[in-house]
Amino acid sequence: MNLVSSLEKIKGVGPKVAQQFADAGLLTVGDLINFLPRAHEDYSAVTRIIDIAPGKRTIKAKCEKITTRPVRRGLRITTATLADDSGKLQAVWFNQPYRETQLKSGEEFFFSGEFEFNYNRYQLTNPSAERVSDMPVQTDRVLPIYRSIKGLKTPLVRKILAELKPLITMLPESLPEDIIKSEKLLSRSQAILAMHFPKTVEDIEKARERLAFEELFELLLASQLNRQENSKLEGWHIPFNQPVVKNFVEKLPFKLTNAQRLAVWEIIQDFERKVPMNRLLQGDVGAGKTVVAGIGALQAAHGGFQTALMAPTEILATQHAETLLKLLSPFNIRVGLLTGSVKGVARRNLYEAIKTGEVDVVIGTHALIQETVHFHKLGFVVIDEQHRFGVSQRQELLKKSDFMPHMLAMTATPIPRSLALTVYGELDISILNELPKGRLPITTKIWSPNSRAQLYTLIDEQIKAGRQAYVICTLIDNNSDNELKSVQNEYKKLQNSIFKHRRIGLLHGKMKSDEKDAVMSRFASGELDILVSTTVVEVGVDVPNATVMLIEDADRFGLSQLHQLRGRVGRSIHQSYCYLVTSTSDKPSVRLKEIEKSNDGFYLAEVDLKLRGPGEIYGRAQHGALNLQIATLADTRLIARVKNEAKLFVESGQNLLKYKQLATNVQHYQRLTTLN
Ligand code: ADP
Ligand code: MG
-18 MNLVSSLEKI KGVGPKVAQQ FADAGLLTVG DLINFLPRAH EDYSAVTRII
32 DIAPGKRTIK AKCEKITTRP VRRGLRITTA TLADDSGKLQ AVWFNQPYRE
82 TQLKSGEEFF FSGEFEFNYN RYQLTNPSAE RVSDMPVQTD RVLPIYRSIK
132 GLKTPLVRKI LAELKPLITM LPESLPEDII KSEKLLSRSQ AILAMHFPKT
182 VEDIEKARER LAFEELFELL LASQLNRQEN SKLEGWHIPF NQPVVKNFVE
232 KLPFKLTNAQ RLAVWEIIQD FERKVPMNRL LQGDVGAGKT VVAGIGALQA
282 AHGGFQTALM APTEILATQH AETLLKLLSP FNIRVGLLTG SVKGVARRNL
332 YEAIKTGEVD VVIGTHALIQ ETVHFHKLGF VVIDEQHRFG VSQRQELLKK
382 SDFMPHMLAM TATPIPRSLA LTVYGELDIS ILNELPKGRL PITTKIWSPN
432 SRAQLYTLID EQIKAGRQAY VICTLIDNNS DNELKSVQNE YKKLQNSIFK
482 HRRIGLLHGK MKSDEKDAVM SRFASGELDI LVSTTVVEVG VDVPNATVML
532 IEDADRFGLS QLHQLRGRVG RSIHQSYCYL VTSTSDKPSV RLKEIEKSND
582 GFYLAEVDLK LRGPGEIYGR AQHGALNLQI ATLADTRLIA RVKNEAKLFV
632 ESGQNLLKYK QLATNVQHYQ RLTTLN
């Protein structure tokens, strides 16, 4: 038996069990060895019920009574009375009705969970349960918990893994030996043994450290290597034209913030170098990223180069085109807009102008990366809301130049420091950590659906004062029986009753582009008081006179999405408000409370990272395959250690190909995280 053997080679695994593993994606002995526990339960410290105090606790008890009742759609609560010889307590599970069948037998179980105040009494919440008779004797009752596999009970999975112990003991090392030594890490085989068959909690910690180190090492080595490769590329030299930039900045209707000045300066310096710029501009919503990109475009045009700015939606591309046209055309820079709705002769003419260099700055959606688009001399590429694009889309755009153009990726979803160090390690970063002067913090309130009338009064007062409001719903249309709000229904409701005397617009993704543009520009010019919209306005839309953002069913949105939506207001000197209306009158989620508390996108990004993990935040396109099983990007200390070792490894000039498995994984990450 070896790592590529089929599972049926293992004692106790027949065709049926093998198929069940296969359905879960585990085909070989090696797959099973790498099927690491998602957690461990420590049943070694058992508390008697009579002595129990709040906190994470384990008890050894029998289940005396257990019932399940539906509370509302989508929520079933199972309650049980658990007893040992010292007393009784109550346990609750949410949506785990199978607990009834599991526990009814009357056998003795270990229960481990949070003992806390919940539903007006102290209870053990969502405890795990392990039959005492299943508990392996040789361990300290620290048990691996595996991701569940349909049809397979955990004790069986543990037994099958026990058969592989001799093989695991002989697993080859995958990290360079000198790193194992200098970082005092367990060997690969020691670590995997400890994960599957831990003796103590300390064992697991050391094992996790080693495995997390390896995962991060692959990721960081990849970004170091990407950085090294970038630095060997030759880029366009775009000279700094000081009088032009100075004149432009002086004529702006506002004064640049210091953060904007610094970012502009960093870009201008990168333009002067031989190496193509590879820069991420991070700035909270409303920080003023567009004008920074605009100055870059101005500079590029004066050096004889074209700029391409790609935005994720038509609304946004159109808005950028309007802004940049206003900013740049007085300086004889020619701006063009290419989206799906530019058709026929106009489109052909634009293609021609891009090809001959008659336009300097081309703004567009994905339309920019089509094969029919040829640039005359593309020197500067700007990707707005870069996390909305996949790697390949960015690459397509960069390929439109014979030479690697300078690249500026912009994002309003701030990237936590730890991610910036790992995933984006090859990028230079500019941060706009300062909002333009005079902006007031947005007042955010969680609002119960029962007191909507008061809310409408507040909104009406704002409109009376000359301001405008957004109302956001999750759905376009809602004919089903669920109670989520849809823009169609809300639009009708508001227009026919409460806001009869106001001008209301409707916007959603299924409308034709010219209809969308028309509504958007009526709202922007103040012809509409209220815009009822789906999240198509989520990113980038800039209507400074709007001061109210009402989000219906706010609990249905993610943290960064809520922050983005909120960022549509607070863009002028007027006080702005964001109301988060929940779909039920239940206790609001952590997410909503955090967003109510803080206006700081960087802080919220850290919270989001903790709540959801990196894959969810940065989108499937780039990070779906990040595949960190053990490491968490919140572990900045480990990241610093790993970064150091990765740097030493690159500097030492060692050949990566000497380490076969490592090389494969690193190359995978190199492709995945590169921005070029
Ligand atoms: P974002 O960073 O979210 O993309 P925008 O570039 O859309 O922000 O800018 C938000 C608004 O702030 C725009 O109306 C823009 O004209 C304005 N703005 C940008 N910089 C400044 C500044 N330094 N002072 C005042 N207003 C500014
Ligand atoms: Mg923007």
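For the sequence shown, my numbering assigns the number -18 to the initial residue and increments by one for each residue that follows. We put the CB at the ideal spot given by N, CA and C, even for glycine.
* Range of the contiguous alpha helix (DSSP H) that encloses R328 -> 325 to 337 is the span of the alpha helix (DSSP H), which, as asked, contains R328.
* To do: Could you pull the start and end residues of the alpha helix (DSSP H) that I185 belongs to?
  => Counted as a single uninterrupted DSSP element, the alpha helix (DSSP H) harbouring I185 occupies residues 182 to 213.
* Asked: Using the beta-carbon count (16 or more within 10 Å), is D184 buried or exposed?
  -> When all chains shown are included, D184 counts as buried.
* Asked: Using the rule of at least 16 other Cβ atoms within 10 Å of the residue's Cβ for burial, across every protein chain shown, is K381 buried or exposed?
  -> Buried: at least 16 other Cβ atoms inside 10 Å.
* Asked: What is the DSSP secondary structure of F361, counted as helix, strand or coil?
  -> Of the three classes helix, strand and coil, the one that applies to F361 here is strand, per DSSP.
* Asked: For the ligand MG, is there a heavy atom less than 7 angstroms away from the beta-carbon of K307?
  -> Taking the Cβ of K307 as the reference point, every heavy atom of the ligand MG lies at 7 angstroms or farther away.
* Cβ of T271 within 7 angstroms of any heavy atom in the ligand MG? -> Residue side-chain check: T271 places its Cβ nearer than 7 angstroms to a non-hydrogen atom of the ligand MG.
* Asked: For R601, which residues of its own chain have a beta-carbon under 8 angstroms away from its beta-carbon, when the five flanking residues on both sides are left out?
  -> Only weak support is given to the placement of R601: the predicted model assigns it a pLDDT of 38, under 50, and the question is left unresolved by the model.
* Cβ-heavy atom distance between V266 and the ligand ADP below 7 angstroms? -> V266: yes, Cβ under 7 angstroms from the ligand ADP.
* Length of the line joining the Cα atoms of G605 and A612 -> Low per-residue confidence applies at G605: pLDDT is 44, beneath 50, and the placement is therefore not dependable enough to give any value.
* Asked: According to DSSP, is E533 helix, strand or coil?
  -> Secondary structure of E533 (DSSP, three-state): coil.
* Quick one: Cα of P147 to Cα of K(-8), how far? -> Their Cα atoms are separated by approximately 13 angstroms.
* **Check whether N259 and L408 have beta carbons under 8 angstroms apart** => Taking 8 angstroms as the Cβ cut-off, N259 and L408 qualify as a contacting pair.
* To do: Quick one: grab the DSSP three-state call for L246.
  => For the record, residue 246 in the displayed sequence is Trp; it is not Leu. DSSP places W246 in helix when its eight states are reduced to three.
* To do: Go ahead and pull the three-state DSSP assignment for T346.
  => The answer is coil: DSSP assigns T346 none of H, G, I, E or B.
* **Through-space distance from V272 to Q287, alpha-carbon basis** => Cα-Cα distance, rounded: 17 angstroms.
* Asked: Looking at the structure shown, is D658 part of a helix, part of a strand, or coil, going by DSSP?
  -> The question about residue 658 has no answer, for the chain in this structure spans -18 to 657.
* How many whole angstroms separate the CB atoms of F90 and R112, which I take to be in contact at a CB cut-off of 8 angstroms? -> Confirmed, about 6 angstroms.
* Anyone know if the C-beta pair for V468 and H482 falls short of 8 angstroms? -> Taking a C-beta distance under 8 angstroms as the contact criterion, V468 and H482 do not qualify as a contact pair.
* For C44, the residue or residues it bridges with in DSSP -> Looking at the DSSP output, C44 bridges to L63.
* CA-to-CA distance, P(-4) to Q545, given in whole angstroms -> When rounded, the distance between both Cα atoms is 51 angstroms.
* Check whether the Cβ atoms of I511 and I453 sit closer than 8 angstroms, and answer yes or no. => Taking a C-beta distance under 8 angstroms as the contact criterion, I511 and I453 do not qualify as a contact pair.
* Same chain, Cβ closer than 6 angstroms to L133, neighbours up to 5 away in sequence not counted -> Listed in chain order, the non-local C-beta contacts of L133 below 6 angstroms within the same chain comprise Q1, local neighbours out to five positions each way being set aside.
* DSSP three-state call for E164: helix, strand or coil? -> Correct three-state label for E164: coil.
* Could you check where the beta strand (DSSP E) with P108 kicks off and where it finishes? -> Bounds of the beta strand (DSSP E) holding P108 are 102 to 112.
* Residue span of the beta strand (DSSP E) that contains L290, given as start and end -> Per DSSP, the continuous beta strand (DSSP E) segment holding L290 begins and ends at 287 to 291.
* Selected residue, minimal CA-CA separation from Q374, among L145, I350, F356 -> Ranking the options by Cα distance to Q374, first place goes to I350.
* To do: With DSSP collapsed to three states, give me the class of E464.
  => Correct three-state label for E464: coil.
* May I ask you to report which of helix, strand or coil DSSP gives T135? => Judged by DSSP in its simplified three-state form, T135 adopts helix.
* Report the option in R254, W428, R191 whose CA atom is closest to the CA atom of S212. => S212 has its Cα closest to that of R254, out of R254, W428, R191.
* To do: Assign F630 to one of three DSSP states: helix, strand, or coil.
  => Helix, per DSSP.
* Asked: Looking at C-alpha atoms only, which residue of R315, F252, L475 is the closest neighbour of H387?
  -> Of the candidates R315, F252, L475, F252 places its Cα closest to the Cα of H387.
* **Between the CA atoms of S429 and S570 - distance to the nearest angstrom** => Cα to Cα, the separation comes out at about 13 angstroms.
* Asked: Looking at the structure shown, is G486 part of a helix, part of a strand, or coil, going by DSSP?
  -> It is a strand residue.
* Just how far apart, CA to CA, sit E415 and S322? -> C-alpha separation (whole angstroms): 36 angstroms.
* Return yes when the Cβ of D12 is within less than 8 angstroms of the Cβ of K41, no when it is not. => Contact flag unset, no.
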